[in-house]
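Under our numbering, residues -2 to 326 are what the sequence shown spells out, in order. Ideal Cβ positions, reconstructed from N, Cα and C, are used throughout, including at glycine. Presented below is the structure to which this report refers.
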Amino acid sequence: MTVLRNWRIKMLGEIFSSMATIVIMISLGYVLQIKGWFDKNFSTSIASLIIKIALPASIMISVLRFISREKMIEFVGSLGIPLMSVIIGYFVAWIIVRVFRIPNERKATVMNTIVNANTIFMGLPLNLSLFGEEAMPYFLVYYVVNTLSTFTVGTYLFAYYNQQHVGKGIQWSRIFSPPLIAFLGSMIWVWFGWTLPDFLDDSLIYIGSLVTPLSLMYIGIHLAQVGLRSLTFDGDMRLSIFGRFVLFPAILLIIQVGVIQLLSIELPMKLQETFFLQSTIPTLVIMPLLATEENADIDFATSAVTITTLLYIVILPVWMMLFSIAFQS
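Below you can see the structure in the form of structure tokens.
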């Protein structure tokens, strides 16, 4: 009992730490915009910088640092659970946006909020702290699925539901975005066992490190431009939050239980814990940037990131306690 209590205290500490960092960086962007440091074109420029340059560099470095050819072969068999969760999650999200008549400019944000998580900035540190290095291979499996989901289906949805593209079919140039090209290219690079020269590796690390602070500052800048009253907590947002924190973790949990019970396959506890934790992580911090690129509802996307992040301090302890009772009792 003492071990479980200490584990919960540690978990809460990690959540508070991650949230404090996020709030500080969002607040910095907000305050600097209020003080007039940035002109009206700065937020558009910063969005392009992140999506087209910094994010591809960050993805390349993450893949090259955390994934090896041996690990790629090892974790192919573990892809099934998160992959099925994502596929079913998109289907459920699609039903939700149709049944509840979500406006086109919000549909992509709602669907991405339900399915895709902020795995690197919040998911990785929490996973390392709670489950240790031995759970890293399982985190990488989830990271790969989440990244592919975000920069294939996720970005396509933003392009498709943009008023200029509705009904025009698949926009392949929108799918093969710089982040996805960087991801696929770096996976090929890893497969052939190539290494980067030190100067190029260092350059990518520095450029990639811009993603999180600039993305969070962007949220603060946008909040300052439109006012805090623009934060939305209407029916569409409540559906998004319910999907992210209840439906999607439940989908993954049901799949894990099904694999264990129906297929009689033993899943390592670290795998179960890691996949479940990642399924509860708040939505993508770059969501407002994706919305900006496609002229979607930026206020709604900003609200999705801000609100899911703030609510996480309450949501995660509840889910993890239920998980520990169900699987570790």
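Extent of the continuous alpha helix (DSSP H) run through residue i
| i | result |
| --- | --- |
| T41 | F39 to L46 |
| D294 | Segment: none, D294 is in no alpha helix (DSSP H) and carries neither H nor E. |
| L127 | L121 to F128 |
| W191 | Premise fails: W191 is in no alpha helix (DSSP H) and is neither H nor E. |
| T209 | V208 to V223 |
| F273 | M266 to S276 |
| R98 | First-last for R98: undefined, no H or E at that position. |
| L76 | Looking at the DSSP string, L76 is not in any alpha helix (DSSP H), and its letter there is neither H nor E. |
| T53 | This sequence places Pro at residue 53; Thr is not what is there. Per DSSP, P53 belongs to the alpha helix (DSSP H) from L52 to F63. |
| A247 | F245 to Q258 |
| A288 | M284 to E290 |
| A132 | Premise fails: A132 is in no alpha helix (DSSP H) and is neither H nor E. |
| I202 | D195 to G205 |
| A156 | T152 to Y158 |
Of the residues the options, the one placed nearest residue i, counting alpha carbons only
| i | options | result |
| --- | --- | --- |
| G232 | V107, I92 and Y309 | V107 |
| M317 | N124, F136, F297 and V256 | N124 |
| T303 | L287, L286 and T280 | T280 |
| L29 | H219, F189, T306 and S227 | H219 |
| N109 | L213, F118, I84 and R98 | I84 |
| E102 | I58, A114, F155 and V138 | F155 |
| L236 | V94, M69 and S45 | V94 |
| P79 | V142, S14, I48 and L46 | V142 |
| I47 | L250, Y203 and L76 | Y203 |
Where residue i falls, given that 16 or more other Cβ within 10 Å makes a residue buried
| i | result |
| --- | --- |
| A54 | buried |
| L260 | exposed |
| G129 | exposed |
| L225 | exposed |
| R66 | exposed |
Cutoff 8 Å; reference residue i; Cβ partners in own chain excluding five residues on either side
| i | result |
| --- | --- |
| M133 | F63, N124 and L125 |
| V73 | none |
| A293 | E102, R103, A105, T106, F155, Y158, N159 and L287 |
| M22 | T209, P210, L213, M214 and G217 |
| M334 | A question about residue 334 goes unanswered here, because the residues of the chain that appear run from -2 up to 326. |
Own chain, CB closer than 6 Å to residue i, minus 5 neighbours either side, in chain order
| i | result |
| --- | --- |
| F180 | I56 and T144 |
| L52 | P176 and V208 |
| Y309 | P279 |
| G26 | M214, G217 and I218 |
Other residues of its chain near residue i: CB distance less than 7 Å, five sequence neighbours each side excluded
| i | result |
| --- | --- |
| S326 | Residue placement at S326 is flagged as unreliable, the pLDDT there being 49, under the threshold of 50; the coordinate-derived value follows with that caveat. The answer is none, since no qualifying residue turns up. |
| P246 | F273, S276, T277 and W316 |
| I99 | V107 and D233 |
| V60 | F180, S183, M184 and V187 |
| F35 | L29 and I218 |
| T299 | I216, H219, L220 and P285 |
| S146 | V83, V112 and N113 |
| I19 | L213 and T306 |
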